Amino acid sequence: MLRLVVRRLLQLIPTLLGLSVLLFLWLNRLPGGPASAILGERATEAEVARINRLLGLDEPVWIQYWRFLKRIAQLDLGTSVRTGQPVWDEFTLRFPATVELAVAAILIAVVVGVPLGYFAARRRGGWLDVTSVSGSLLGICIPVFFLALVLKGIFAVNLGLFPSYGRQSTGIDATDVTGFAVLDGVLTGEFDASWDALMHLVLPAITLASIPLAVIVRMTRASVLEVLGEDYVRTAEAKGLRSSVVRGRHVLRNALLPVITAVGLLTGSLLSGAVLTESVFAFGGIGSFIRQAIDGRDYPVLVGFIMFIAMLYVLINLVVDLAYSLIDPRVRVH
Amino acid sequence: MTAPIETTGAEAEAQPEAVLVGVKKSQIEGRSLGQIAWMRFKRDKAAMAGGIVVALLILMAILSRPIQWLFDLDPNKLNQNLVDPTLRAPYGGWGGMSWDHPLGVDPGFGRDLLARIIEGSWVSLVVAVGATLLSVTIGVIMGVVAGYYGGWVDSLVSRMMDTFLAFPLLLFAISLSASVQDGFWGITGLPLRIGVLIFVIGFFNWPYMGRIVRAQTLSLREREFVEASRSLGARGPFIIFRELLPNLVAPILVYSTLLIPTNILFEAALSFLGVGIAPPQASWGGMLTEAADQYEVDLQFMFVPGLAIFITVLAFNLLGDGLRDALDPRSK
Chain A
1 MLRLVVRRLL QLIPTLLGLS VLLFLWLNRL PGGPASAILG ERATEAEVAR
51 INRLLGLDEP VWIQYWRFLK RIAQLDLGTS VRTGQPVWDE FTLRFPATVE
101 LAVAAILIAV VVGVPLGYFA ARRRGGWLDV TSVSGSLLGI CIPVFFLALV
151 LKGIFAVNLG LFPSYGRQST GIDATDVTGF AVLDGVLTGE FDASWDALMH
201 LVLPAITLAS IPLAVIVRMT RASVLEVLGE DYVRTAEAKG LRSSVVRGRH
251 VLRNALLPVI TAVGLLTGSL LSGAVLTESV FAFGGIGSFI RQAIDGRDYP
301 VLVGFIMFIA MLYVLINLVV DLAYSLIDPR VRVH
Chain B
1 MTAPIETTGA EAEAQPEAVL VGVKKSQIEG RSLGQIAWMR FKRDKAAMAG
51 GIVVALLILM AILSRPIQWL FDLDPNKLNQ NLVDPTLRAP YGGWGGMSWD
101 HPLGVDPGFG RDLLARIIEG SWVSLVVAVG ATLLSVTIGV IMGVVAGYYG
151 GWVDSLVSRM MDTFLAFPLL LFAISLSASV QDGFWGITGL PLRIGVLIFV
201 IGFFNWPYMG RIVRAQTLSL REREFVEASR SLGARGPFII FRELLPNLVA
251 PILVYSTLLI PTNILFEAAL SFLGVGIAPP QASWGGMLTE AADQYEVDLQ
301 FMFVPGLAIF ITVLAFNLLG DGLRDALDPR SK
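Protein sequences, first through last, are from chains A and B.
Heads up: the first sequence at position 195 corresponds to 195 in full-length UniProt numbering, and the numbers run straight through without jumps.
Heads up: the second sequence at position 65 corresponds to 65 in full-length UniProt numbering, and the numbers run straight through without jumps.
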């Protein structure tokens with residue numbers, strides 16, 4: 001197991017290096033690079049040259065790249081052009097909100113999606129099967145931001161059931177402990193704050209869950225159908241095991257393997273979805289901030305956030321891979 | 001057991017005639033792969049519906065300018081008289097729907113929504129199809145080369161695909177298309193935005209196609225006909241173009257059809273975030289941004305571009321799923 005972890009960690013290095021090279025080249029070398037982002041489009045040649053010297057952009061590319069790498073390793077990616085705060089601070093300040101949203105979305109997707117896919121497969125061709133298969137097609141086809149707008153329009157604006165933007169109502173006096181608003185309320189005993197945060201979370205989380213939910217339903221259904229046809233399931237049934245044992249130990253456990261991988265791979269689309277969802281609900285996480293960074297051409301923020309998120313994404317996939325080998329001993333052998 | 005007999009050409013031709021005695025020729029007819037696929041496809045009602053909608057959409061996109069001219073639709077004509085100047089909302093219910101403006105007008109400006117949807121359709125399809133062609137080209141070349149040659153070439157390409165797949169795609173596309181400014185390569189305005197979108201979306205989506213093609217190539221290259229070709233002295237490029245690629249047409253076609261809706265959503269998302277097609281040019285994503293800003297004024301507005309995107313994406317997905325079932329039933 002340790003050898004596997006070490007080997008997988010070593011395999012990350014080329015991926016991350018490749019990522020950093022691309023990010024560095026593309027975002028530092030494009031026309032209208034950092035200098036004109038700071039100075040605006042009408043800057044004179046001399047001003048641009050001065051800023052370039054200041055930022056070290058007049059030095060050979062490989063020296064610049066080396067410096068870029070060293071800074072990433074120290075989690076230092078300069079300061080935001082807009083707010084003047086270090087990029088890392090901006091990142092950690094907003095990160096909990098996005099994590100909270102993403103976790104809520106994945107929870108919804110798994111808790112609803114796995115049973116739905118499972119029962120759809122068990123009663124193949126039944127009404128639940130037909131509904132969930134066509135429902136998951138709709139979930140994939142509906143644009144995330146359109147769904148966000150529809151939910152917001154109907155449930156927040158017209159019916160007033162949920163708040164339409166933000167993470168917390170203005171009147172709530174909540175103590176900040178971890179940055180996860182719902183958890184903070186529970187930790188400090190301020191349950192009204194917790195409830196308020198939860199209410200703010202409902203619509204964005206449902207929106208963000210739409211694609212993962214669709215994917216998980218499809219994967220679980222396909223996977224359960226496949227496992228149900230396996231010989232070992234028939235054997236288990238034939239030798240008279242109780243059906244709850246067969247379902248739990250033989251069917252579900254084997255059927256969930258590909259689903260776990262899918263959940264890992266969904267992290268990327270979850271983060272992309274978070275940008276869109278947060279920008280509709282003004283949720284105040286990384287997504288909202290990236291939207292503001294786009295509008296303000298805030299280069300360091302964009303580069304930094306993407307690098308951090310990419311690293312995170314790669315690490316999550318590593319964790320998923322390892323979780324996979326814990327559940328499925330066959331993987332460890334190879 | 002009969003030993004294989006050496007037959008002369010005449011004998012080999014004569015044999016089928018013997019079997020066909022008494023049967024009309026039209027009844028037993030060899031069916032090509034395409035005919036079989038078409039038969040399967042015709043039975044699939046959802047796929048047929050998707051195919052028809054896709055055909056209509058393509059027609060609408062190609063003919064968008066003639067249609068606008070014919071029906072006197074102008075996507076950028078302001079109709080301030082149709083909009084309440086203080087509330088900004090269109091007069092009349094349902095977003096100002098009327099015979100002159102079947103889908104209503106947008107709040108604030110009073111521009112005809114039908115015209116803007118038609119105008120947006122070609123933008124959406126050009127970007128999506130262009131990006132798909134780009135990713136398919138890169139993906140197929142990379143996939144075939146990696147799968148056929150194997151060894152270090154394969155590990156290099158596979159690593160590259162891993163790196164690309166590790167990108168939070170949308171985020172990178174955002175920063176890239178946000179950073180390209182007017183005058184890049186001497187191109188400005190709409191052509192530049194479309195070019196950037198095609199490049200950004202297409203360039204980052206190729207690994208999906210690459211993986212599929214690589215996996216298919218890996219199994220194809222072990223097949224007998226490739227071996228036969230190789231033992232007759234064929235070299236890499238010949239085998240790739242004459243033996244492998246013709247057998248890869250079905251999966252490439254299927255996954256290209258399935259990539260298009262993904263790319264339509266991608267373009268809409270980028271335009272929605274304000275880094276795609278710039279206003280006042282009509283685009284479906286851009287219209288949703290306007291709807292998001294105006295949703296308190298006119299809630300109906302967002303359903304027009306939203307449903308346009310939804311229907312298009314759904315139609316392409318149904319078509320793609322149908323094609324997959326028809327061309328490659330095993331992969332289901």
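By construction, the Cβ of each residue, glycine as well, lies at the ideal position given by its N, Cα and C atoms.
On a predicted model such as this, the values are computed, not experimentally measured, just so you know.
{"Check": "Please classify residue 200 (chain B) as buried or exposed, where buried requires at least 16 neighbouring CB atoms within 10 angstroms.", "Outcome": "buried"}
{"Check": "Would you mind sorting residue 274 (chain A) into buried or exposed? The rule is 16 or more other CB atoms within 10 Å of its CB.", "Outcome": "buried"}
{"Check": "CB-CB under 6 Å to residue 321 (chain B), same chain, minus the five flanking residues each way: which ones, in chain order?", "Outcome": "none"}
{"Check": "With a threshold of 8 Å between beta carbons, is residue 296 (chain B) in contact with chain C?", "Outcome": "The structure shown contains no chain C; its protein chains are A and B."}
{"Check": "Let's test the definition: count the other Cβ atoms within 10 Å of the Cβ of residue 333 (chain B) and tell me whether it reaches 16, buried, or not, exposed.", "Outcome": "Beyond the ends of chain B as shown, which are 1 and 332, falls residue 333 (chain B); an answer cannot be given."}
{"Check": "Just reading off the alpha helix (DSSP H) that residue 205 (chain B) is part of, what are its end residues?", "Outcome": "189–220"}
{"Check": "In whole angstroms, what is the alpha-carbon distance linking residue 137 (chain B) and residue 206 (chain B)?", "Outcome": "8 Å"}
{"Check": "Find the residues of chain A that neighbour residue 162 (chain B), judging by a C-beta separation of less than 8 Å, and give them in chain order.", "Outcome": "15"}
{"Check": "Whole angstroms are fine: how far does the CA of residue 302 (chain A) sit from the CA of residue 42 (chain B)?", "Outcome": "48 Å"}
{"Check": "Going by DSSP, which residues form a beta bridge with residue 105 (chain B)?", "Outcome": "B:112"}
{"Check": "Can you round the beta-carbon distance between residue 327 (chain B) and residue 254 (chain B) to whole angstroms, since I take them to be within the 8 Å contact cut?", "Outcome": "6 Å"}
{"Check": "Below 8 Å, can you find three or more Cβ-Cβ pairs linking the stretch 88–101 of chain A to the stretch 110–118 of chain A?", "Outcome": "no"}
{"Check": "Taking just the CA atoms, how far does residue 119 (chain A) sit from residue 221 (chain A)?", "Outcome": "8 Å"}
{"Check": "Any Cβ of chain A within less than 8 Å of the Cβ of residue 138 (chain B)?", "Outcome": "no"}
{"Check": "Along the chain, where does the alpha helix (DSSP H) containing residue 301 (chain B) start, and where does it finish?", "Outcome": "From DSSP, residue 301 (chain B) is part of no alpha helix (DSSP H); its letter is neither H nor E."}
{"Check": "If you count every other CB in all the chains shown that lies within 10 Å of the CB of residue 231 (chain B), and 16 or more means buried, which is it?", "Outcome": "exposed"}
{"Check": "Mind checking residue 261 (chain B): buried by the 16 CB within 10 Å criterion, or exposed?", "Outcome": "buried"}
{"Check": "Could you check what DSSP says for residue 235 (chain A) in three-state terms: helix, strand or coil?", "Outcome": "helix"}
{"Check": "Within the 8 Å Cβ cut-off, does residue 302 (chain B) reach chain A?", "Outcome": "yes"}
{"Check": "Can you say whether residue 263 (chain B) is buried or exposed, counting buried as having 16 or more other CB atoms within 10 angstroms of its CB?", "Outcome": "buried"}
{"Check": "Leaving out five residues before and five after residue 101 (chain B) in sequence, what residues of the same chain have Cβ atoms less than 6 Å from its Cβ?", "Outcome": "112"}
{"Check": "Between the stretch 254–262 of chain A and the stretch 212–232 of chain A, can you find at least three pairs of beta-carbon atoms closer than 8 Å?", "Outcome": "yes"}
{"Check": "Residue 129 (chain B) versus chain A: which residues are under 7 Å apart at the beta carbon?", "Outcome": "What residue 129 (chain B) touches in chain A: nothing, since even the nearest Cβ is about 18 Å away."}
{"Check": "Just checking, does the stretch 298–316 of chain B make contact with the stretch 135–152 of chain A on the three C-beta pairs under 8 Å criterion?", "Outcome": "yes"}
{"Check": "Please give the ranges of any alpha helix (DSSP H) in the stretch 88–143 of chain A, keeping only runs that are unbroken, at least 4 residues long and fully inside the region.", "Outcome": "127–141"}
{"Check": "As a quick exercise: from B:272, B:34, B:256, pick the residue whose alpha carbon is nearest that of residue 278 (chain A).", "Outcome": "B:272"}
{"Check": "Taking the straight line between their C-alpha atoms, what separation do you get for residue 314 (chain A) and residue 306 (chain B)?", "Outcome": "33 Å"}
{"Check": "To the nearest angstrom, how far is it from the Cα of residue 161 (chain A) to the Cα of residue 213 (chain A)?", "Outcome": "23 Å"}
{"Check": "By the criterion of Cβ-Cβ separation under 8 Å, what are the contact partners of residue 291 (chain B) in chain A?", "Outcome": "149"}
{"Check": "Pull out every residue of the stretch 272–301 of chain A whose Cβ sits closer than 9 Å to any Cβ of chain B, in chain order.", "Outcome": "272, 273, 275, 276, 279, 280, 290, 291, 293, 294, 295, 297, 299"}
{"Check": "Sort out for me which residues DSSP pairs residue 66 (chain B) with in a bridge.", "Outcome": "Answer is none; residue 66 (chain B) lacks a bridge partner."}
{"Check": "Listed from N- to C-terminal order along the chain, which residues in the stretch 24–52 of chain B have their beta-carbon within a distance smaller than 8 Å of any beta-carbon of chain A?", "Outcome": "none"}
{"Check": "Looking at the secondary structure, which residues open and close the alpha helix (DSSP H) in which residue 42 (chain B) lies?", "Outcome": "33–43"}
{"Check": "Would you call the stretch 154–165 of chain B in contact with the stretch 204–221 of chain B, where contact means no fewer than 3 C-beta pairs closer than 8 Å?", "Outcome": "yes"}
{"Check": "Any chance the stretch 56–73 of chain A sits against the stretch 243–253 of chain A, with 3 or more Cβ pairs inside 8 Å?", "Outcome": "no"}
{"Check": "Nearest by alpha-carbon distance to residue 317 (chain B): which of B:258, B:275, B:220 is it?", "Outcome": "B:258"}
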